[in-house]
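Student:
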Amino acid sequence: MLAQTKPCFKQLLLVLQHLDRRLETAVAAVEAAYGTEANNGLYRGLQIDAAEVGQLIEQAPGNSVLYSEQLQNLPSDAVEAGSPLAWLQDCFGLSSFDLNIIAVALAPELDRRYERLYAYLQDDVRAKRPTVDLSLNLLCASSLEKLMRRTHFAAESPLIRHGLLHLIPDPNQAEPSLLAHIIKLDPQVVRLLLEEQGLDRRLVSVCQLISPQIQFQELPISVSIQQALLTLIQADWQTNRSLKLYFHGIDRAGKRQVAEAMASVLKIPLLTVKLAKILAAKSEFIKTLNLIFQEALFQNALLYIEELEALQTPDHELFYHTLIESLATYSGRTILSGLKPWLYTAAQLIPQGIFSVPFAMPNFEQRRFYWMHYLKAANIFLSSSELDTLSDRFRLTSDQIANAAIAATHQVKWKNAAPTLHSSELAAVQINDIFLAVRGTSGRDLEALSRQINPHYRWDDIVLPAPLKAQLREICEHVKHQYLVWERWGFNRQQSLGKGLNVMFAGTPGTGKTMAAEVIAQELQLDLYKIDLSQIVSKYIGETEKNLNQIFTAATNANAILLFDEADALFGKRSDVKDAHDRYANLEISYLLQKMEEYEGLAILTTNLRANMDDAFMRRLRFIVEFPIPGEKQRQQIWQKVFPDLAPRSPELDLGYLARNFELTGANIRSIALASAFLAATEGNPIAMSHLTQAVRREYQKMGKIMKEI
């Protein structure tokens with residue numbers, strides 16, 4: 120059994136045995152100096168008699184009777200190369216005297232009998248822990264050496280500066296001297312010397328210690344980034360430098376997976392840290408940060424600190440600089456992770472520099488890899504074309520894809536928990552379930568700036584001339600085949616901007632512009648957000664641009680269709696500059712044109728007057744769809760579709776007559792149908808021509824028109 124004991128245990132036993140001999144000599148010296156009867160007092164250290172006063176006066180200042188010259192250094196076997204004590208000594212530049220202090224402070228952590236011995240040697244039943252005074256008395260030969268060795272307990276000494284040893288004031292004294300301070304090893308040092316596994320309990324809430332399982336070849340990262348990281352790892356290994364990297368980009372899970380793969384290459388654990396959690400207790404930030412760096416060093420772990428953006432605010436500027444300064448002196452390998460590119464002014468604080476590695480939104484191949492991986496883990500299997508559709512349609516991070524796969528599984532389990540009356544068979548997860556799950560995981564940022572429209576209409580519901588309907592289908596096909604045309608066919612090499620799809624629907628109110636947008640959203644299975652222009656346009660300089668930037672950023676992350684209703688209010692023609700207001704208004708239009716070019720999603724703009732739109736903007740539109748006033752044929756189709764199947768109707772309804780005699784838009788016809796239904800419900804009769812006639816008259820009054828007599 121002893122052969123299976125950790126080597127560190129044997130080394131610590133040697134340390135304790137060496138300390139035992141030192142204490143044995145000290146006890147014998149105390150008894151020789153003060154007599155054995157000194158140990159018989161029930162109140163040792165609490166009261167003093169005249170005899171003891173005389174002994175203290177006769178004793179030379181600072182003299183120690185506890186020192187043993189034969190036991191100056193720890194046994195060589197206890198500090199042999201590769202032992203935890205030897206590592207501590209090399210890593211923090213500790214002296215042999217420092218190691219002896221560690222031995223004195225460590226003993227009560229391993230065996231409580233040392234508490235009684237220390238109380239006896241300190242002549243105080245309450246003093247069960249070693250003090251600075253006891254350690255100096257045990258380890259110093261003279262009063263002069265004791266004065267010199269006080270520097271080992273100074274703030275800049277290796278033991279104190281690195282937090283290996285803590286000085287705790289004597290609780291029985293109001294303002295204790297340095298000698299009266301208790302010495303206590305930090306729990307991290309005790310765990311290191313015992314080679315205990317796991318994470319320090321003080322860091323469990325903010326850190327995670329991971330044994331890496333991911334390999335580089337399992338990740339969908341570019342070959343260039345993979346090779347560059349492997350080169351940096353190899354150079355770091357050969358030169359023994361402290362490698363420091365900064366991963367920036369929106370894909371949090373992707374960055375974390377690459378960090379784990381790097382730890383796997385180095386064959387060391389990964390210690391992940393969330394800065395936002397540390398900030399929850401601001402008063403403990405610096406202390407916790409120091410513990411984290413120490414833990415990573417003791418665990419020989421790759422330190423991965425994420426959510427750097429949490430510190431990059433005016434309120435946390437001090438904490439940010441504290442982190443950078445700590446990073447500059449830290450000798451281990453570190454990866455910082457954030458959303459924004461690195462600020463190089465701060466990087467100058469790090470002598471060896473920091474390598475900035477961009478992590479853009481996953482491309483098509485990466486998204487397809489993540490979809491395959493997470494759907495397979497959820498036991499969901501789609502066809503190759505369905506995987507292509509998901510990967511092409513939604514620009515998602517690996518985190519969002521993982522959440523969507525789980526959400527789709529839960530949705531189907533919920534449906535299967537209550538089967539319909541028509542079928543008791545359990546449904547499998549279909550691509551439409553995943554579409555719904557994806558939409559549920561994004562779009563929250565956009566909700567504050569716009570209004571989400573839940574699309575109800577499909578192709579059969581909208582009545583338009585055939586060429587116009589064909590145009591709308593073309594718009595959908597452009598969205599469906601973005602990856603094929605831009606990436607596989609190489610059109611992205613010829614056009615850096617303008618990859619998005621900007622569409623304008625022009626026509627008088629009620630001709631079906633918003634309805635067409637709903638049909639497209641239903642076809643593409645994308646969320647539709649209607650932008651409230653009153654919340655965007657501001658009289659304050661710069662506010663409109665700020666609002667626009669928030670909208671386009673949120674829309675990109677939400678994979679949504681943007682619908683700018685009555686867009687000529689915002690996208691109108693630029694005017695001649697006559698005053699400052701005109702100049703800033705033109706700047707807003709120019710900024711908007713820039714954001715439209717950068718946006719890679721589908722943006723639909725509706726206008727009642729096409730002629731009001733700025734010419735520069737019109738050139739950037741991929742489609743311009745004119746919605747005409749419906750003709751007689753289209754009006755009759757609308758009348759036929761406008762009544763629900765459950766609505767009771769009189770067989771005498773003459774919808775053809777209504778289509779021939781009243782030039783109305785689709786919106787007018789829907790309004791008339793609804794009004795006639797309420798009139799019929801009031802009378803308790805089916806919808807009849809009399810109800811429709813009265814409803815038409817009311818609609819004409821709203822429009823300010825005179826209706827001819829029927």
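Each residue of the sequence shown is one higher than the one before, counting from 120 in my numbering. Note that the Cβ used here is the ideal one computed from N, Cα and C, for glycine as well.
Helix, strand or coil for Q641? Go by DSSP, reduced to three states.
Tutor: helix
Student: If you follow the beta strand (DSSP E) that I723 is part of, which residue opens it and which one closes it?
Tutor: 721-726
Student: If I follow the unbroken alpha helix (DSSP H) through S569, where does it start and stop?
Tutor: Here S569 belongs to no alpha helix (DSSP H); instead the beta strand (DSSP E) covers 569-572.
Student: Which residue or residues does DSSP assign as beta-bridge partners of E745?
Tutor: A625
Student: Return yes when the Cβ of A222 is within less than 8 Å of the Cβ of L328, no when it is not.
Tutor: no
Student: Measuring CB to CB, does F417 end up less than 8 Å from L430?
Tutor: no
Student: Check this for me: beta carbons of L458 and I369, under 8 Å apart or not?
Tutor: yes
Student: With distance defined between alpha-carbon atoms, name the residue in Q813, A722, V134, A479 nearest to S215.
Tutor: V134
Student: Could you check what DSSP says for Y602 in three-state terms: helix, strand or coil?
Tutor: helix
Student: Use the C-beta contact count for H810: other C-beta atoms within 10 angstroms, 16 or more gives buried, fewer gives exposed.
Tutor: buried
Student: List the DSSP bridge partners of Q327.
Tutor: T391
Student: On the CB-based measure, 16 or more other CB atoms within 10 Å of its CB, does Q292 come out buried or exposed?
Tutor: exposed
Student: Where does L783 sit, in a helix, a strand or coil, going by DSSP?
Tutor: Assignment of L783 by DSSP, reduced to helix, strand and coil, places it in the coil class.
Student: Measuring CB atoms only, is the region 297-307 touching the region 382-393, in the sense that at least three cross pairs come out at less than 8 Å?
Tutor: Remark: fewer than three beta-carbon pairs, one from each stretch, lie closer than 8 Å, so the region 297-307 and the region 382-393 are not flagged as touching.
Student: Relative to the C-alpha of G212, which residue among P194, L278, S195 is closest?
Tutor: Closest option to G212, Cα to Cα, is L278.
Student: With DSSP collapsed to three states, give me the class of S383.
Tutor: Reduced to three states, the DSSP call for S383 is helix.
Student: When you compare only the Cα positions, how much space is there between N666 and L568?
Tutor: The C-alpha of L568 is placed about 8 Å away from the C-alpha of N666.
Student: Given this structure, state the Cα-to-Cα distance separating L362 from E403, to the nearest angstrom.
Tutor: 27 Å
Student: Assuming the contact rule is C-beta atoms closer than 8 Å, L263 and L185 should be a hit. Round their C-beta distance to whole Å, please.
Tutor: The Cβ separation is near 16 Å, so there is no contact.
Student: Classify E199 as helix, strand or coil using the three-state DSSP reduction.
Tutor: coil
Student: May I ask you to report which of helix, strand or coil DSSP gives G368?
Tutor: DSSP places G368 in strand when its eight states are reduced to three.
Student: Measure how close the beta-carbons of V761 and L587 come, nearest whole angstrom, since I'm counting them as under 8 Å.
Tutor: Not quite, the Cβ-Cβ distance comes to about 19 Å (not below 8 Å), so this is no contact.
Student: Take the Cβ of D579 as the centre, count every other Cβ of all protein chains shown within 10 Å, and call the residue buried at 16 or more, exposed below.
Tutor: Exposed.
Student: Are at least three pairs of beta-carbons, each pair with one atom in the region 192-201 and one in the region 241-249, less than 8 Å apart?
Tutor: no
Student: When the Cα atoms are used, what is the spatial distance from E150 to L225?
Tutor: 25 Å
Student: Would you list the residues sitting across from Y648 in a DSSP beta bridge?
Tutor: Its beta-bridge partners are Q571, L681.
Student: Which word fits T432, buried or exposed, when buried means at least 16 other C-beta atoms lie within 10 angstroms of its C-beta?
Tutor: exposed
Student: Under 8 Å, with one C-beta from each stretch per pair, do the region 321-339 and the region 404-411 reach the 3-pair mark?
Tutor: A contact exists between the region 321-339 and the region 404-411.
Student: Shortest alpha-carbon distance to I499 belongs to which of Q485, T453, S456, A547?
Tutor: A547
Student: Tell me where the alpha helix (DSSP H) around V223 begins and ends.
Tutor: 215-229
Student: Counting only the same chain and skipping the five closest in sequence on each side, list residues whose C-beta sits under 7 Å from that of D518.
Tutor: Cβ neighbours of D518 beyond the five flanking positions: R371, A372.
Student: Going along the chain, which residues of its own chain have a beta-carbon closer than 7 Å to the beta-carbon of Q467, five neighbours each way excluded?
Tutor: For Q467, the pLDDT reaches just 47, beneath the cut-off of 50, and the residue's location in the model is therefore unreliable, leaving the point undetermined.
Student: Could you tell me which residues DSSP pairs with H285 in its beta bridges?
Tutor: K303
Student: Within a Cβ cutoff of 7 Å, which residues of the same chain sit near L506, ignoring the five residues on either side of it in sequence?
Tutor: R487, W490, M491
Student: Return the first residue and the last residue of the beta strand (DSSP E) that V815 is part of.
Tutor: Note, V815: premise wrong, no beta strand (DSSP E); alpha helix (DSSP H) at 808-822.
Student: Judging by CA-CA distance, which residue of K125, R816, L591, L338 is the nearest neighbour of E314?
Tutor: K125
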